[in-house]
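Chains as they are written, first to last, in my numbering: chain F, 48 to 223; chain W, 48 to 223; chain Z, 48 to 223; chain G, 48 to 223. Don't be surprised by glycine CBs; every beta carbon is placed ideally from N, CA and C.
Number of protein chains: 4
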Amino acid sequence: MNQLVKKIAVIGGVEASDLVSEIAFKVGNEISKQGWHLVCGGGSGVMESACKGFRFGRNELDPVRVMAIGVLPGDDADLANRYVDLVIPTGIGIARNAIITRMADGIIAVGRGSGTLSEIAYGWQMNKPVAAMGESGGWAESLAGKSLDNRRDDVIFKAATAVDAIDYFKKKFELI
Amino acid sequence: MNQLVKKIAVIGGVEASDLVSEIAFKVGNEISKQGWHLVCGGGSGVMESACKGFRFGRNELDPVRVMAIGVLPGDDADLANRYVDLVIPTGIGIARNAIITRMADGIIAVGRGSGTLSEIAYGWQMNKPVAAMGESGGWAESLAGKSLDNRRDDVIFKAATAVDAIDYFKKKFELI
Amino acid sequence: MNQLVKKIAVIGGVEASDLVSEIAFKVGNEISKQGWHLVCGGGSGVMESACKGFRFGRNELDPVRVMAIGVLPGDDADLANRYVDLVIPTGIGIARNAIITRMADGIIAVGRGSGTLSEIAYGWQMNKPVAAMGESGGWAESLAGKSLDNRRDDVIFKAATAVDAIDYFKKKFELI
Amino acid sequence: MNQLVKKIAVIGGVEASDLVSEIAFKVGNEISKQGWHLVCGGGSGVMESACKGFRFGRNELDPVRVMAIGVLPGDDADLANRYVDLVIPTGIGIARNAIITRMADGIIAVGRGSGTLSEIAYGWQMNKPVAAMGESGGWAESLAGKSLDNRRDDVIFKAATAVDAIDYFKKKFELI
Numbered sequence: 048m049n050q051l052v053k054k055i056a057v058i059g060g061v062e063a064s065d066l067v068s069e070i071a072f073k074v075g076n077e078i079s080k081q082g083w084h085l086v087c088g089g090g091s092g093v094m095e096s097a098c099k100g101f102r103f104g105r106n107e108l109d110p111v112r113v114m115a116i117g118v119l120p121g122d123d124a125d126l127a128n129r130y131v132d133l134v135i136p137t138g139i140g141i142a143r144n145a146i147i148t149r150m151a152d153g154i155i156a157v158g159r160g161s162g163t164l165s166e167i168a169y170g171w172q173m174n175k176p177v178a179a180m181g182e183s184g185g186w187a188e189s190l191a192g193k194s195l196d197n198r199r200d201d202v203i204f205k206a207a208t209a210v211d212a213i214d215y216f217k218k219k220f221e222l223i
Numbered sequence: 048m049n050q051l052v053k054k055i056a057v058i059g060g061v062e063a064s065d066l067v068s069e070i071a072f073k074v075g076n077e078i079s080k081q082g083w084h085l086v087c088g089g090g091s092g093v094m095e096s097a098c099k100g101f102r103f104g105r106n107e108l109d110p111v112r113v114m115a116i117g118v119l120p121g122d123d124a125d126l127a128n129r130y131v132d133l134v135i136p137t138g139i140g141i142a143r144n145a146i147i148t149r150m151a152d153g154i155i156a157v158g159r160g161s162g163t164l165s166e167i168a169y170g171w172q173m174n175k176p177v178a179a180m181g182e183s184g185g186w187a188e189s190l191a192g193k194s195l196d197n198r199r200d201d202v203i204f205k206a207a208t209a210v211d212a213i214d215y216f217k218k219k220f221e222l223i
Numbered sequence: 048m049n050q051l052v053k054k055i056a057v058i059g060g061v062e063a064s065d066l067v068s069e070i071a072f073k074v075g076n077e078i079s080k081q082g083w084h085l086v087c088g089g090g091s092g093v094m095e096s097a098c099k100g101f102r103f104g105r106n107e108l109d110p111v112r113v114m115a116i117g118v119l120p121g122d123d124a125d126l127a128n129r130y131v132d133l134v135i136p137t138g139i140g141i142a143r144n145a146i147i148t149r150m151a152d153g154i155i156a157v158g159r160g161s162g163t164l165s166e167i168a169y170g171w172q173m174n175k176p177v178a179a180m181g182e183s184g185g186w187a188e189s190l191a192g193k194s195l196d197n198r199r200d201d202v203i204f205k206a207a208t209a210v211d212a213i214d215y216f217k218k219k220f221e222l223i
Numbered sequence: 048m049n050q051l052v053k054k055i056a057v058i059g060g061v062e063a064s065d066l067v068s069e070i071a072f073k074v075g076n077e078i079s080k081q082g083w084h085l086v087c088g089g090g091s092g093v094m095e096s097a098c099k100g101f102r103f104g105r106n107e108l109d110p111v112r113v114m115a116i117g118v119l120p121g122d123d124a125d126l127a128n129r130y131v132d133l134v135i136p137t138g139i140g141i142a143r144n145a146i147i148t149r150m151a152d153g154i155i156a157v158g159r160g161s162g163t164l165s166e167i168a169y170g171w172q173m174n175k176p177v178a179a180m181g182e183s184g185g186w187a188e189s190l191a192g193k194s195l196d197n198r199r200d201d202v203i204f205k206a207a208t209a210v211d212a213i214d215y216f217k218k219k220f221e222l223i
C-alpha cells in the first residue's frame, strides 16, 4: 500500500456570491497548506475560487508536490479554470461527479446547487468523511450537521471555518 | 425523430417499509397502465416493489410493449430483482445513477436514502420533470414541493398518489 | 434468477457500404426472428441497417416482446436512428461502448472502424461470446477466427452468414 | 487557457515478460525526464514497470512537479502499484479506459492484451497521437505503423525506442 498524499474534494456551484467565493478561497488555501491535493469539477465559481486559494496557499519551496485537480465533465481541457494544475477531461458528463467523490479522501461542500447536492449524496453513500461550510448557504448549509440516511452513524460535519473542516479531516485520517 | 414510448424512472432505496413498498407498487402499477416503460436501479426494496406493481399492471393483451428496465451498478445480471424485464448490468457502479436519470423522461422519488437523493439532484440538474411521493418519508417527502436551486423556475412536484404523479407527467409530456 | 430474453450487440461503424449494410440488415433480421433483443450504439450506418432488419424480422403477432435498443453516447434521444425501439441516451460519450458490451449476452461485429475495434476488445475482455462477419471487411473481417490474447482459449467466431452467427450464440447459450 | 504539463498514457497488460517490462521501464523513465506526467491503469505488469521507470527518471530537485497517475477500475486505492503517485480509483470498471485516453495528450502502447487494444482504439477514435513500441509484441507491435480506419490520415507511430516515441510526441506537441 502506498502512503499517498490525501485528496480533498471541494464541491460547489458555478455561481458564487462574494461571501461564498471567499469561503471557497479559504478552504482551498488551507488544503494546500496541509500539503494535500485539491479535487474539484474544474469549472468556475466555487471551484475556481478554491483552486485560486489553493495556489496561493501552496509553499513553492516545499518538496511536497500538491495539485489542484480539475475533473471536467467534457472533453476539452481548455475549459478548466486557470488555477487548475492537473486537468482531467473525462468526457462522461456529470456522471463524473461519482469519480470526484470516489477519488477523494474527504469532501467539503461550499454553497448551493443541485450538482453540489448529488456530490454530497455520493460522498455519503461512498462512506467518505463529508464536511459542509455552515455559513455558505444552499445545500451545504442546509445539510451541515445532518444525517442523510441510516447507513451511517455520523453526520455531515458542520464547519464554521476552513480550519474547522481541515481539523475534522485530520481526525478522520488519524493525523491528530 | 422517433415517437417513442415514455420512460419513467422510479428511484428509492433498497430498504422499504410496508407503507413505502405499497406506494412503490402503486407507482409501478400506474406506469404500466399508461403504457410507459419503468426504469430503476434493478435492486430490491422500492425498486422491486415498483417492478412488481408494473408487472401486475401491464395488460398482457395490449400490443404496446412495455418493460421494467433495471440498470444495475455491477456486471452480474442475476442480481436484478425477478420482476425486471430488461436487465442492463453497467459495471460502472453508482455512477449509473446518472444514466438512470439521463434515459428517463420523468422521475418519481419514493422514500428515503442518499442514493435516492443523488438521483433527485441529477434529475433536477438534467432538467427532467421530477415528482416525489409526499407520504413516502425520507428525501422524497422532504423535497416534495421544493426547488433545488435557481436553474429552474418550477419545483419538485409533490404527488399525493401515484395517479397524481402520472397526471403531472402527462401534462409535462403534453398528453393532456 | 430471471429467465431473460437474450440480448445481442451488433457493433459497426456509422459509415457502411451497400454490402456491409446488407449484412447488417440480415444480422438484425435474424436476431429478431430468434426473439432476442438487439443492442447497438443507436446511430446510423451498420447500427441503422441492423435495427431496420430487426424491425422487419419481428413477428408483430408474437407475444415475445423484443426491442432494438440504442445506447447513445450523447444526451439527445432524438439522435437515435428511426428503427430504435428503446433509446438510452447515456451522456457518457464513447465510454458507453463498455456498457453496450457489458449488457450484451453476445456480440456480432460487422465491418470496420476503431469504435468497432474497441467494442470487440471489450467484449473479449468481458468474456462474452464474440462473432465477426467474415465478409464484412474492416476489423470484423481481420479479427474473425483470431484470439485477442491468452485470457481465453477460444477465438472470435468467424461467421459466413447471419444464420451462422446465430447458431454460434445458440450453442453458447446452450439452446441447441 | 492553461499552459499545462503534458500527460502521456502508457497502456499495456498486467502480464509482462522481462523484455516488455524493460521497454515499459524505459518509456516511463523518458516521460519523467521530459517533465511530463505519466497516466496508466495503475495496476501491475506494464503499468508498474512504467511507473517504476518514471520514478527513477524524475529529477527530485527539479521544480517541475510530475506524477505517475494511476486510474483504477475499482474503488480501492490500495490496489494501485507502489510507484503510483496519484491514485484515482474510479469505481467504473474498465469503462475507465475511456478516461485514461481522454485525459492523455499522447498514448504509448507497450505489448499485448485486449485491454491495451481497446485503449489503442479509443486513442485513435479520440484523435490523440498514438505510438506503439515496435519490439514489444502483442497488439502494440501488430498495430505499429498501421491505420485503424479512415477517419485519420496518419498511422499509429512505430517507435523503435522510448526516445523515438518521446520525439514523436514532441513533434506533435510542437515542442521541436
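Beta carbon of residue i, beta carbon of residue j: below 7 Å?
i: Z:GLU189; j: G:ALA168; result: Residue identity check: residue 189 of chain Z is Ser in the sequence provided, not Glu. Their beta carbons are not under 7 Å apart, which means Z:SER189 does not touch G:ALA168 by this criterion.
i: Z:ALA154; j: Z:VAL118; result: The amino acid at residue 154 of chain Z is misidentified as Ala; the sequence shows Ile. Going by C-beta atoms, Z:ILE154 is not nearer than 7 Å to Z:VAL118.
i: W:GLY158; j: W:GLY181; result: no
i: W:LYS218; j: W:ILE203; result: no
i: G:GLU69; j: G:GLY92; result: no
i: W:ALA115; j: W:PHE101; result: yes
i: Z:VAL113; j: Z:HIS84; result: yes
i: F:THR208; j: F:TRP186; result: no
i: G:ALA97; j: G:GLY75; result: yes
i: F:ILE139; j: Z:ILE139; result: yes
i: G:VAL86; j: G:LYS53; result: no
By Cβ distance, which residues of its chain are closer than 8 Å to residue i, with the 5 residues on each side in sequence left out?
i: W:ARG143; result: GLY88, VAL118, LEU119, PRO120, THR137
i: F:LYS175; result: THR148, ALA151, ASP152, GLY153, ILE154
i: Z:VAL210; result: GLU77
i: F:ALA145; result: TYR169
i: G:ALA206; result: ILE155, ALA178, ALA179, MET180, GLY181, ALA191, ALA212, TYR215
i: G:TYR130; result: GLU95, CYS98, LYS99, PHE101, ARG102, ALA115
i: Z:ASN197; result: none
With a threshold of 7 Å on Cβ separation, who are the neighbours of residue i within its own chain once the five nearest residues in sequence on each side are excluded?
i: W:SER161; result: none
i: W:LEU126; result: LEU119
I'd like the list of long-range same chain contacts for residue i, defined as Cβ closer than 6 Å, with 5 residues on each side in sequence excluded.
i: F:MET48; result: Low local confidence applies: a pLDDT of 41 at F:MET48 is under 50, so the model's placement there is unreliable, and no value is given.
i: G:ALA124; result: VAL134, PRO136
i: F:LYS80; result: GLY104
i: W:SER64; result: none
i: W:TYR215; result: ALA178, PHE204
i: Z:ILE141; result: PRO120
i: F:LEU195; result: TRP171
For a contact meaning CB atoms closer than 9 Å, what does residue i contact in chain G?
i: F:ARG112; result: ARG112, VAL113, MET114, ASP132
Along chain W, in chain order, which residues have C-beta atoms closer than 9 Å to that of residue i?
i: G:ASP122; result: GLY140
By the criterion of Cβ-Cβ separation under 7 Å, what are the contact partners of residue i in chain F?
i: W:ALA168; result: SER161, LEU164, SER165, ALA168
Please compile the residues from chain W whose C-beta is within a distance smaller than 7 Å of the C-beta of residue i.
i: F:LEU195; result: SER161, LEU164
Name the chain Z residues whose beta carbon is nearer than 7 Å to that of residue i?
i: G:TRP171; result: SER161
Problem - Uninterrupted alpha helix (DSSP H) stretches inside the region 53-86 of chain G (no shorter than 4 residues) - result: 65-80
Practice task
With 7 Å as the C-beta to C-beta threshold (strictly closer), list the residues of the region 136-159 of chain W near chain G in chain order.
Solution key: GLY138, ILE139, GLY140, ALA142
Problem - Length at least 3, wholly inside the region 128-166 of chain G: the beta strand (DSSP E) runs in chain order - result: 133-136, 153-156
Exercise for the section: Could you run through the region 87-102 of chain G and flag, in chain order, every residue whose CB is less than 7 Å away from some CB of chain Z? Expected result: none
Handout entry: Contained beta strand (DSSP E) runs [length at least 3] in the region 182-214 of chain G, N- to C-terminal order
Key = 204-206
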